[in-house]
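Heads up, the thing below is written out as structure tokens.
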Amino acid sequence: MRSRKSQVTLYIIIGILLVIFITLLIFLVREKKLPSQPPEIITLSDNLNTVNNFVRECVRHTTIQGLNLLGKNGGYINPSNLNAEFSPVAYESDVLIYQPDFIPYWHYIDKSNSFNSFRPRLYKQSEGDNSIQEQLNNYVEHNLKACTAGFEAFPDFDISEGDIKVDSEIRSQEIVVNVIYPLRVVSKSNQSATELKSFSKSVDVNLMQIYEFATEITNAEKKYTFFETVTMNLISVYAAIDSESLPPTSSLLLGRDKTIWVRSEIEQTIKYDVLDFIRLIQLQNALNYNPLIISPAEPDYELKQGLYNSFNFQLDSHKQYNLTVEFMYPQSPIFLSIDDSEIIMPDDRIPSNFFTDMIGLQIQDYTFEYDLAYPIIVKIKDPKAFNYQSYEFQFALEANIRDNTPINSSMVLTAPVRPPRKIDINEPGQLVLEPLIVTAKDKVTGQLLSDVDIYYKCGQKAYIGRTESDGTIFTSFPYCLLGGKIIYLKQGYLGSAISYNNNEQSTPKELTVELWPKQGIDFEIKKRTQQNIDSLDVSKTGPLPPAERRQLELEQATIIPAHQKIIMTITRVKEDDNEDTVPVPSFIILHPNAKSADEIESMRQVIEDQYNIGQITAEQRSEALQALNELENVEFGDIDEQNTIELVPGDYIIESYLMDYSSITIPEKTETVGTWPFQKGVIYPEQKFAVWQAGGSNHNMTITANQLYSADQVTLYVFDLGLPSTWDELVNLKSVDDYSEYNYLLEPSFT
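In the working numbering, the protein residues as written are 4 to 754.
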């Protein structure tokens, strides 16, 4: 009985509490309810959404700014803050100075003769670890307010800002940037206040894969030394017992005469001829892998093809990256020592004496040991980043060779490599008391040039100073009895030298140097096909006035299609060994812009429409669609070209290759050979080529000042020899040398 009463009492208590709770809830809702103002709420909501999107876009903009700085400077926002050695001499620095960029080495030998690296971590592991992730977070934190600019774009609101905290997430294919950015947004019209706190924005760049690729390249260089290996191969190709070649690494010669080299001259050859080939190194793992394959008809085909094959490498992972990679030697100072001597000459294998001299028994030992160090810039691009605007990340590596041996990270280094000891010709005792006056002028305008760097070379090179605002320098130069040269350099001009032996009796004491200004000029490359050449046959055109003939020659040229690529070296013949190399770099690699999928589909529809209304035949339709299919399959990676080049007047040597990527199939052929009754059938099997050298050029050209300085564009030309389609055509291939009678058609045209 007591139990039933207890239950009734409990129900009554619960009911009373429920009534109290509902009454309190209704009271609170009525107290908090705001006046109904629909128009102002809608306006405020729209503007808040605008503010929110504005901040998110600022997050994206600032993040991209930070990523670009990281990409330019080897993974560092501000590399000058590193505890590193900075020097304009690349092999003495921890950071490659390549103005305006400062690119830390990810692998190099430091001043203490130890392997070192300034490769940053990708992910933050602890506070202050200077990882890429932490640097990006800090950059956005410190620079986001510069983008929002006090929200001046929103005059209808008072917006107060709190402290910013950023936490980025580096993911595959993107970076998500999460920002805590407290904002109090007050409407000036009704004083309504709303608070925004957090913002998030993704940036479409595959930094994770870029870093992984860069790390794998670095590790491969440390382990396999592919830069050094290529360099030693090139030195072997350029080496011969000839003062115009490089000293050989191993060779003997019977006889008395000796070939002698000067180390500083060899250094110039390696810098401007050998190391430029670093650009041809390709990785099979990269999106832009296109091995260079030359025609079997080329002279020394096997030697050349073997050399080009040595430029191709595969990383250990065999992973395919959706990224392009390029390697570049940046024309920086290199360290070069050959047998620790400035004058390079062979040793006598058999000591010279009266008897050996009498019978002519002398053997010269041309075995020389190269010590070499030089920087490489590695550029990795994500062509799809930033909505296909592309993103580039670069870092530096240092190649090192000791005693002709590429140095990998497993080797023990014993003694630092130091440059050969030289007499300092800047010492006061080396100066001639009577000063010289050197005046520098622009060779085109005659204008006096200030800030021209003047050097004096007498075996060694000494820095003298810069010309003043009046174009002159007035100072003492080092003494030199024989072989002296005044070298002059200025940014934007061709540096060169004049001979001048400086002693007390030397005359004149006033000299003028003239510099060609480097002309930046747009260029394009076109090809001359057999059809173009046939159209210029005089028997078909008849004799024409020179102007009409030249116009016809300009018209008979064909644009380079997307399935072909031009690789061209263009080098000015130096009038003095101390001249700059022009152009820098000497490689031009041109691959026409591939079309997007939408453009190709649109072009395909146009072809179908033309066929349907009878404008083209079935055969023409088939050929056009096949060309589009080839265009669609071309993958050159990021092919954004800067088609400009700096030139000066002079003579140039041009060698180029026209590479065709449309694939070739040579069908099987059966041929009967011999005479009866000894005849037999020979089968030539089917051959397939993914890439073919379809032509090119090998010629000289002269550019005059008149042509260069009055033009905006230059058109260069190559020969297209066509593609073989049968075994007969394959066997009877022609080379560009067979077209030498038409070399006049390779003369550049300036417009």
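By construction, the Cβ of each residue, glycine as well, lies at the ideal position given by its N, Cα and C atoms.
- DSSP places THR151 inside the alpha helix (DSSP H), whose first and last residues are 135-151.
- An exposed status is given to ASN52, since fewer than 16 other beta-carbon atoms sit within 10 Å of its beta-carbon.
- Taken through DSSP and simplified to helix, strand or coil, ASP740 comes out as helix.
- Sixteen is the threshold: when 16 or more other Cβ atoms of the shown chains lie within 10 Å of the Cβ of TYR394, as they do, the residue is buried.
- In the pairwise beta carbon analysis, the stretch 62-76 is classified as not touching the stretch 84-92: fewer than three pairs are separated by under 8 Å.
- Residue state for GLU247 is assigned as coil, using DSSP reduced to three classes.
- Scanning its chain for C-beta atoms nearer than 6 Å, with the 5 sequence neighbours on each side dropped, one finds around LYS737 the residues LEU724, in chain order.
- When beta bridges are read from the DSSP output, ASN181 appears opposite ASP170, SER203.
- Straight-line measurement puts the Cα of LYS274 at about 20 Å from the Cα of ILE648.
- With a cutoff of 8 Å on beta-carbon distance, ASN504 and LEU518 are scored as not near each other.
- A contact between stretches requires three or more CB pairs, one per stretch, nearer than 8 Å, and the stretch 202-220 meets this requirement with the stretch 169-188.
- Distance check between TYR377 and each of ALA149, ALA714, PHE230, LYS307 places PHE230 closest, using alpha-carbon atoms only.
- Here the stretch 555-575 makes contact with the stretch 521-538; the two share three or more CB pairs at distances below 8 Å.
- By alpha-carbon distance to ILE669, the top candidate from ILE366, PRO688, GLU658 is PRO688.
- Here PRO520 carries a strand assignment [DSSP, helix/strand/coil].
- Between TYR241 and LEU125, the CB-CB gap reaches or exceeds 8 Å.
- With the rule of 3 Cβ pairs closer than 8 Å, the stretch 103-115 counts as touching the stretch 393-409.
- Counting only the Cα atoms, ALA500 lies some 7 Å from ASP579.
- For PHE316, the CB contacts under 8 Å within the same chain, skipping 5 residues up- and downstream, are ALA223, TYR227, PHE229, ILE284, GLN285, LEU286, GLN287 in chain order.
- Between VAL62 and the set LYS114, LEU147, GLN534, the nearest pair of CA atoms involves LEU147.
- Using a Cβ distance threshold of 8 Å, GLN128 and ILE80 do not count as a contacting pair.
- Contact between ASN133 and PRO123 holds, since their C-beta atoms are separated by about 6 Å, short of 8 Å.
- The three-state secondary structure of MET348, taken from DSSP, is coil.
- For THR574, the uninterrupted beta strand (DSSP E) segment begins and ends at 567-575.
- Note on SER335: 16 or more other CB atoms within 10 angstroms of its CB, so buried under the neighbour-count rule.
- About 12 Å separates the Cβ atoms of ARG266 and LEU375, ruling out a contact at the 8 Å cut-off.
- According to DSSP, GLY698 shares a beta bridge with LEU661, ASP723.
- By the C-beta criterion, the stretch 432-451 is judged to be in contact with the stretch 460-477, since at least 3 inter-stretch pairs fall below 8 Å.
- For GLN533, the enclosing alpha helix (DSSP H) stretches over residues 533-538.
- Apart from the 5 residues on each side of it in sequence, GLN136 sits with its Cβ closer than 7 Å to the Cβ of LEU125, TYR126, LYS127, SER171, ILE173 in its chain, given in chain order.
- Looking at the DSSP output, MET704 bridges to TYR655.
- Three or more Cβ pairs drawn from the stretch 727-747 and the stretch 294-304 lie within less than 8 Å of each other, which places the two stretches in contact.
- Taken atom to atom, the span from the alpha-carbon of SER472 to that of TYR466 is near 19 Å.
- Secondary structure note for SER335: it is in no beta strand (DSSP E), with a DSSP letter that is neither H nor E.
- Pairwise C-beta distances place the stretch 652-667 in contact with the stretch 693-700, as three or more of them are shorter than 8 Å.
- In the displayed model, ASN746 falls within a helix according to three-state DSSP.
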